[in-house]
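Protein chains in written order, with full-length UniProt numbering: chain A, 1 to 89; chain B, 1 to 117; chain C, 1 to 163; chain D, 1 to 930; chain E, 1 to 143; chain F, 1 to 510.
Encoded as structure tokens, the structure appears first; notes follow it.
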Amino acid sequence: MIGIALWISFFLVAMAIILNAYRLLVGPSLPDRIIALDTMYVNSIALIILYTIWLSTRVYFEGALLIAMLGFISTVAVCKYLLRGDIIE
Amino acid sequence: MEALYAITTGILTASGIYLTLRGRTFPVVVGLTLLSYAVNLFLFSMGGLTTHGAALVGTTEHYADPLPQALVLTAIVIGFAMTAFAIILAMRSRGDLGSDSVDGNRTDREDPRENKA
Amino acid sequence: MLIKRCLPRPILSSILTMVWIMLSDIITYGSVIMGIILGIAIPLMTQRFWDAQPVVKKPLLLLRFTLRVMLDILVANLEVAWLISRPWRRPRPAFIEYPLTLKRDFSITLLASTISLTPGTISANLRLDGRSLLIHVLDTDDEQAIIDEIYNRYERPLMEIYE
Amino acid sequence: MTLPWIPLLTFLGVFVPALAIRGGRTVCALATAVAPAIALGLVLFFYLGHDGEEVMRTSFQWLPSLGLEVAFRLDGLSLLFLLLILGIGLLIILYTRYYLSEKDSMSRFYAFLILFMTSMVGIVMSDNLLLMWGFWELTSISSFLLISFWSHETTARKGARMAMTVTGAGGLALLAGIMLIGKVTGTYDIGTVLESHDLITASPLYPAIVVLVLLGAFTKSAQFPFHFWLPHAMAAPTPVSAYLHSATMVKAGIFLMLRLHPALSGTELWTVIVTLTGLVTLVYGAWFAFLKTDLKGILAFSTISHLGLITSLLGLGNSQALIAALFHIINHALFKASLFMAAGIVDHETGSRDVRKLGGLYRLMPITTALTCIATISMAGVPPLNGFISKEMFFTEALASQQFGGLSWIVPLLAGLGGLLSVAYSLRLAYATFFRRPRQEPPKTPHEPPWPMRFPIELLVVLCIIVGLVPTLPQTPILEDAVRVTMSGEMPEFHLALWHGINPALLLSMAVIAAGIVLHLLHRHMMRFNRQFRPQDARYIFEAFVQRLVGLCQRLTDRLENGSLQRYMFLLMAVSVLAMALGLADLDTLTGNLGQQPLDPIVAMGAALLIMGGVLTAALHRYRLISLLMLSVVGLVVSLTFARFSAPDLALTQLSVEVVTMILLMLALFFLPQKTPKESGGARVVRDVLIATGFGGAVASLNFAVLTRDLDSISEFFIRQSVPGGGGHNVVNVILVDFRGFDTLGEITVLAIAGLAIFKLLNRLRLFMPATDMEGRLWSDDRHPTLLMVVSQTLLPLALLVSFFIFLRGHNQPGGGFIAGLITAVALILLYMSRGVEWAQQRLDFQFQPIAIAGVALSTFTGLCSWLFGYPFLTSTFDHFHLPLIGDIELASALIFDGGIYLAVVGATLMILANLGKLTTAHRPNKDNP
Amino acid sequence: MAWLDKAWVDTALETLTAFFLIAGALITFISSFGMVHLRDFYLRMHGPAKATTLGVGLILVACMFYFLLIERTFHIQLLLVTIFLLITAPISAHLLAKVALHQKLPSDISTTGAPSELREEDVGQEPDTPHPEDPGSGQRHSP
Amino acid sequence: MQHLPIFPVLLPLLVAIILLRKREGADPVRRTISITATALLVAIAFWLVSQVADGETLVYRLGNWQAPYGIVLVADRLSAMMVLLTALLALGSVIHASGGEDNQGSNFHGLFHLQLMGINGAFLTGDLFNLFVFFEVLLLASYALLMHGGGKARVQSGLHYVVLNLAGSSLFLIALGVLYGSIGTLNMADMAERVSQLPADRQGLVRAGALLLLVVFGLKAAILPLYFWLPRAYSSAPAPIAALFAIMTKVGIYAIFRVFTLIFGEQAGGLAHLAQPWLWWGGLATLGMATLAVLSARDLRMQISYFMLISIGTLLCGLGMEGTASRGAMLFYMLHTTLINGGLFLLADMIADQRGKVGTRIVRSKKFKYATLLSALYMIGAVSSAGLPPLSGALAKAWLMSTATLSEGLWLWPLLLLSGLAGVVAASRAGSTIFWRHGNGDPAGERLSRGKLVGTVVLLSAAPLLVILAGPIGGYTQATAEQITDTVQYRSAVLGNVTSDTSGASVDAD
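What follows is the structure, encoded as structure tokens:
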């Protein structure tokens, strides 16, 4: 049961990422692209967790944590860039 | 899978190389970064592509080759240091030479028509 | 005094200890002790980076508030998911100017985050003077209702907790 | 043996003038003369004292692998030249004392002169070809210094350069010749080489050897067509001309031909080249000597002509000719040195060397006139002086020559022509300078020079007379010895005399003298005749040649090194593609023996994302921010790929590095143009795409080829040893901090250096700061969004906690100091982003450089600690401790090492980012938040 | 914890895992889908701001159940990720909205209310330095 | 002393740590520390040379791990000689720098020592990846030092240098990857061992990796199509750094020498000597181009850079030639050219100081003080570089020429001799213009810094010293060449009794 659910989830999450990629690709505005990227980060957390379930290993938990943290920071950086130009002023 | 992996590495490498051949500092630095990603992927795969084999002793039967991983780790760090230096140098070069052309001889003025693009 | 100096932020310290235990993924004496050590050490190290300390006046209310928000998040998400996945019905979005009564940055942040996480609203911009919040609503007819709901559901508890 | 003392003494003499100049000019001159005088004494002492030995030799090993020895020999030939070099050298020293003006640095001149003398002594005494070559080139260098002594004059500089270039080039040809001789004979030892005549002449390399060696000799001895440097070397002070260009340096070429005569001569090739060159030079030099108006110019061309005479004698090659040549060497040195010195006196006294301006000096300077005339007569080959004797011997040989078969008449013809001309220019020299009525007053009123200045001339002239009148007396044994060496031992009969009875040579001499006088009378017509040819000054030709060559080279280098990075990059890539392609072409099949793993859709998606990201990064590079976002996608997916293929550590590292890189690139992008103008033409783009595709294709092929072959690697060891040997379960981390800890030490050093370097780069950087974003919007005035501020300070403790956690578990689980350091750094950077540099800087009251360095230091000292226990650097240790309540704790030295990494990463990253942020802080107006 | 060993626990856990997995993935997918098909940026923003958070959160919960199932241990570590996301997601959304407003991205025609940010008047900071790529204006250096 | 081989790496690192604790300019204390440390490095290098002179190969196993697994430092005659050469060059440079150049920016001495660390590490390491790491250390340090003091020309040429070398680093990694992926080890001795038993289907891969490695090293060493960046970069670098850069190209040469004699030596079967023809023709082409280029120089520093290129071409030819004899000569030539070129760069800086605005451009200038002294030094350097007797260049060139076989000599001799001639022409033009073509009037120019002078003299004194001591030094280089050819000795020293076979494959690729 879990196996089937897992593969369905894999498929859905992968589709989600591809949709993100589509948004990233077409824009049209920069914020659109950024939000697509940000969502892609979050969705890759989901992907990694699914992978973790698939492999039954815990080694990627920190990966998920780090993506959550770093994805945020990178989004903040881009936003700051668009708002102020200078990220660290 | 191997074929796809190799093709991907190749395309990434090609993109990186193409960028490094541009005439402005920023694309060149981006290209070098991209190239270093590609090279890391390449180097990483030299130990083979292993699923479920994280090199943590006691967690699995067959391990991925840990040595290329260690090498790639070192390469990532060094690549980061180099990228950082290169991009700051690009800034310095713009500050000193007034242009971000890699050869320092062109103007920064964009074609007015292109501003709309 | 000593306690105050060593534990400038008891809540933060306890949160950190808890987080450490969560990180360690296992509750042993070792992890607890380590968590406590870190819970004391890290606030001391980072103290200088904190602005004025938010003082929690009613911890119980905070707990209740938190639970309510959690629930709202769940509902909100389902609602949004429902909205999004209905291409046949166009949502009626709106920008709403929400007047703030909260003063402290920390509580404003909490409010704004809460708004963003809960049904169909996103706090889009905090005005520079800190007096009002621009909110984007996904689907609404009645703007005042939303303002009232936010005020009653979130802002007033926060006022009570922190200010 | 004591032979090396002779060159050594003269060499030590180089330093004497500088020391002695304090005592005054006379003392300096005398002191300078000491070393050559002693050396001369030694030469005579050795030579007269040697008992029966043909050749005295000494040798020490120097560089045996090269076959280079410090080897000197003293034989008849050396002796002859040594006497000339040292003897005339002494006279020149004396003459110079009075010649140089107060302004000129006497010590420098003497030093150069003695240096030159040393190298000449070295040439003639060397018993090793390479050693000889060394001295040979040294004469070029020292003559360069001497000719350019008056370096403020353009002619001196140019003349010196030309002399240096031509003789230097000849020297290099000589070296090649010597190398070939070495290849043929297997040695550079002159003694051995001289005995290998048959071996050398039989070798197929023989023509090359002859040509190369003769190139050396001809350039040095100013043989046509390499003669042109000599007249321009006349820009040198006269003592230099007298010494170098009459007696010594130009004779070095002659010496070389003599020295190698036993080994190289006796073939048709040798005879033809040497004789003909000599004869042509003889006539050519004489003709121009006749036409020149500059005193020294006349003498220079006359020297060329006489050298041609000697050379042609060497070409004829029989023993009588050799005797004549040797004899003429002596004679030429005697009269030409005195003539040069006399010319110097005239120049010195009148201020002019132009014969058109001179005249009538005999009244004012009778003694000089007399001396000059005697020397001139000798030069003209008029009896009863020494010049006549050697010239008559030359005529004799010329008339007797049979080497050219049916064309042999050409030899006496040219010889006669040369003789005729030499009579003419000699006459003209003497007449125009001393006897003709002056056309104009000379710049200075001349009078007789001081006696010591004249003394060298007197001495030489007296020698001319003595040699002429009593030719058999002093020089016979010397000549005998010299000839014996040159003829490899066989001793011909010879007899030097003024009067051999009436014979063809005598008749030729008489005819030549008569014709010479006639020609002199026709001088004006000859000048007119000459004027119809375009004046071809060799100097201009040479200069123009060099200029053109330089210009050509400049154009070539400018074209190649056009300062275009794109081109250099292209070349690098092209060469790399070639390298990889060559290897790949060597592969039988690309696919190896290993089956491929099945493709799963997630991997396919990742690959698709990567490809999209990569291609778009490249394709959209003109929109830099978008390109950057695409790069970010690549970074993210790469890290997911690492996770997918069992490399959690890599995934974590890649992720954190990627984010930091993004931040960094964006920080920098602010100061750079936001868009790249379109400037690459279509062709360029096509070219770049092609090379990039080629490169990518090669990389992909290599990757595929490796992936489909099994690998027998050393990794098994690491997995086996990780726990027992390294004390950690995370093999990657154990490799990093233990097995290959040295790499890691280097890696954090790199990081620290990057921090330092970037600090250096940012120093006093001036930058453009855009006031609007790329679409012309003004910046938002919300500098530090409140929400962000609050969240960032909430996140900081959490991030620190996480980084500490990741650091601690690194040895056993994915993580480690590097990732932990990056997390800490990123958290702090978030603080910087949300609160601004000023705010953060106030609260972070430590500097980052010391932290980074402390990190490197910590790792290094951890490594050093193993020395205390007698283990090599970086040997790790670990142990398990049991603590009450807490349980088992493992402490590894690698953890401290990792701590160093952590510190270095934090320090370096912040050094990079925070310093970059600081760039603008102070200068941005701060309206809303004062 | 003996009750954990019962068979029905396994079944329950399995079911829970599967449920949360699908629910999470579905929400994730829907929010990304919304990001593609919604009409303006402000609308598109809603999905990632919360739906994704929840979706990932649910998957994390599924993961916790899964490990409870196979290892009989409770990995609270994963909760941390969720907490992190909860803290950060609204802030990202907020900042993005700020950017969008700053860039005056047009909102959908049906949107009621017009915030001052989207009106035409100038709200930005006065230029202290001219834009270097702005032809005709002089360039100034920061010393 | 068992730790001796690591001293040349650790000493600079420790000194750098001490010097970099705080960010400050150069003060007397720092200078003293820096110079003393460099002198100490010279002493250590001498010690190292004396230890290995009898043919012993010192192996230092870092972390006490046996050879193919851990990283080893290997000090044989070649490594020791290179370390000594570096130390000597560094001594001259650092003394010169203490004459004032070090104050033009921050952290000069610290970075200088880090660069020394990188260079020494590259010379000593026996591990290919570690070589990469040390390459990066020395490169990054060199980037930093190249920018020392700033200035447009430096930034401009520095950018090219940096970008090319970054690309080069990527190529290096690709090459390393291919080699590891097909050979399965990183230790060079072990690689040599394994290459000899390489299955046929891997040959192409190894060849590709090896050739790519050659390209990378060629970029560092500045072989013909890859050298165009060098003249500008080196001529714009601060003098002491330019001087130190003289060894940087030699690191490339060294790496080529080491890798392609050890790994792809006799034992390598089909891959034996695979770089030889490339080196030979590349070297000749470099030599030829540099010969033309040296004539084109409009600036003294450029000219010195081209002298350096000539020497690189010569060295590459030396590597490309067959037989060991040429290698002894080539190493001797390397000693000569490194020191002299370094000295010339230092000298050019002193000349620039004196001439003021004109700098080192080869044009007429004002009269300046110390022209005699400086011209004498220039004479020494130029004569030596051009390869004229009696200084070291002539000896080295003659030796190299004499080792060529006839068919090689046919190419090498004319080029080498012409390069010498071009050197003579160029140097005499430059020298006579710079020192002699000047206006009248009182000589101008600042006081000569004693540090700069001493540093320059230290390096240029190599010209006569190498000649005087040619016997022993030449003997050493000859012995080095013989030792290098005998790879069995190196391999057994490094690997001991360990067979290179590891038990079982560790990589699962299914």
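For each residue, glycine too, the CB sits at the ideal point set by N, CA and C.
query = Who are the near neighbours of Phe135 of chain D in its chain, counting only those whose CB is closer than 7 Å to its CB and skipping five residues on each side?
reply = Within the same chain, Cβ atoms closer than 7 Å to the Cβ of Phe135 of chain D are found at Ser119, Gly122, Ile123, Ser126, the five residues on either side in sequence being excluded.
task = Could you work out which residues of chain A lie near Leu56 of chain B, taking near to mean beta carbons separated by less than 8 Å?
result = Listed along the chain, the chain A residues whose CB falls inside 8 Å of the CB of Leu56 of chain B are Val59.
query = Does Lys6 of chain E get closer than 8 Å to chain D when you measure Cβ to Cβ?
reply = Cβ-Cβ to chain D under 8 Å: no for Lys6 of chain E.
message = Alpha carbons only, please: which of F:Ala481, F:Ala90, F:Ser50 is nearest the one belonging to Ala242 of chain F?
response = Of F:Ala481, F:Ala90, F:Ser50, the residue nearest in Cα terms is F:Ala90.
task = Compute the distance between the beta-carbons of Leu94 of chain D and Pro384 of chain D, then report whether it is under 8 Å.
result = Not in contact: Leu94 of chain D and Pro384 of chain D (Cβ atoms no closer than 8 Å).
request  = Please state whether DSSP places Ser408 of chain D in a helix, a strand or coil.
outcome  = Secondary structure of Ser408 of chain D (DSSP, three-state): coil.
Simplified DSSP state of Met147 of chain F, which is helix, strand or coil = Three-state DSSP puts Met147 of chain F in coil, outside helix and strand.
message = For a contact defined as C-beta to C-beta under 7 Å, what are the partners of Pro797 of chain D on chain G?
response = Of the protein chains in the structure, A, B, C, D, E and F, none is chain G.
DSSP beta-bridge partners of Ile889 of chain D = Per DSSP, the beta-bridge partners of Ile889 of chain D are D:Phe881.
query = Would you call Leu10 of chain F buried or exposed, if buried means 16 or more other Cβ atoms sit within 10 Å of its Cβ?
reply = Its Cβ being crowded by 16 or more others within 10 Å, Leu10 of chain F is buried.
Span separating the alpha-carbon of Asp38 of chain A from that of Pro785 of chain D = Taking the straight line joining both Cα atoms gives about 19 Å.
query = Around the Cβ of Lys296 of chain D, are there at least 16 other Cβ atoms within 10 angstroms (buried) or fewer (exposed)?
reply = With 16 or more other Cβ atoms inside 10 Å of its own Cβ, Lys296 of chain D counts as buried.
task = Give a yes or no on whether the minimum CB-CB distance between Leu26 of chain E and chain D is below 8 Å.
result = Taking 8 Å as the threshold, the shortest C-beta distance from Leu26 of chain E to chain D does not fall below it.
query = Counting Cβ pairs, one atom from each stretch, are 3 or more of them under 8 Å apart for the region 26 to 43 of chain E and the region 105 to 112 of chain E?
reply = A contact exists between the region 26 to 43 of chain E and the region 105 to 112 of chain E.
key: Amino acids of chain D, ordered along the chain, whose beta-carbon sits closer than 7 Å to that of Thr225 of chain F   = Contrary to the premise, residue 225 of chain F reads as Pro rather than Thr in this sequence. Result: Leu571, Val575.
task = Decide if the region 73 to 87 of chain E is in contact with the region 760 to 777 of chain D; the criterion is three or more beta carbon pairs, one per stretch, under 8 Å apart.
result = With the cut-off at 8 Å, the region 73 to 87 of chain E and the region 760 to 777 of chain D do not touch.
DSSP-derived helix/strand/coil call for Leu63 of chain D = Three-state DSSP puts Leu63 of chain D in a strand.
message = I need the boundaries of the beta strand (DSSP E) containing Asn125 of chain C, first residue and last residue.
response = Annotation for Asn125 of chain C: the continuous beta strand (DSSP E) segment containing it runs 121 to 126.
task = Taking the CB atoms as reference points, tell me whether Leu798 of chain D and Val32 of chain C lie closer together than 8 Å.
result = Taking 8 Å as the Cβ cut-off, Leu798 of chain D and Val32 of chain C do not qualify as a contacting pair.
query = Do Leu584 of chain D and Ala208 of chain F come within 8 Å of each other at the CB atom, strictly closer than that value?
reply = In contact: Ala208 of chain F and Leu584 of chain D (Cβ atoms closer than 8 Å).
key: Contact list for Ala124 of chain C against chain D, beta-carbon separation under 7 Å   = Under the 7 Å cutoff, chain D gives no residues; its nearest Cβ is about 11 Å from Ala124 of chain C.
inquiry  = Could you tell me the alpha carbon to alpha carbon distance between Asp122 of chain E and Arg84 of chain A, rounded to whole angstroms?
reply    = With a pLDDT of 46 at Asp122 of chain E, under the threshold of 50, the predicted position of this residue should be treated as unreliable, though the coordinate-derived value follows. Looking at the two C-alpha atoms, the distance is approximately 16 Å.
Cα-Cα separation between Ile851 of chain D and Tyr180 of chain F, rounded to whole angstroms = So the two alpha carbons sit approximately 35 Å from each other.
Interface positions of the region 18 to 43 of chain C facing chain D (Cβ-Cβ less than 7 Å), listed along the chain = Answer in chain order: Val19, Trp20, Leu23, Thr28, Tyr29, Gly30, Ile33, Leu38, Ile42, Pro43.
request  = Consult DSSP for Leu40 of chain F and reduce its assignment to one of helix, strand or coil.
outcome  = Three-state result, Leu40 of chain F: helix.
ask   = Can you find a CB in chain B that lies within less than 8 Å of the CB of Ala160 of chain D?
value = Answer no: the Cβ-Cβ gap between Ala160 of chain D and chain B never drops below 8 Å.
task = Report the rounded CA-to-CA distance for Ala333 of chain D versus Leu429 of chain D, giving the unit in angstroms.
result = Across the structure, Ala333 of chain D and Leu429 of chain D are spaced so that their CA atoms are roughly 18 Å apart.
Three-way DSSP call (helix, strand, coil) for Ile135 of chain C in this model = Residue state, collapsed to three classes: strand.
ask   = What's the gap between the Cα of Val251 of chain F and the Cα of Pro389 of chain F?
value = If you take the alpha carbons of Val251 of chain F and Pro389 of chain F, they lie about 27 Å apart.
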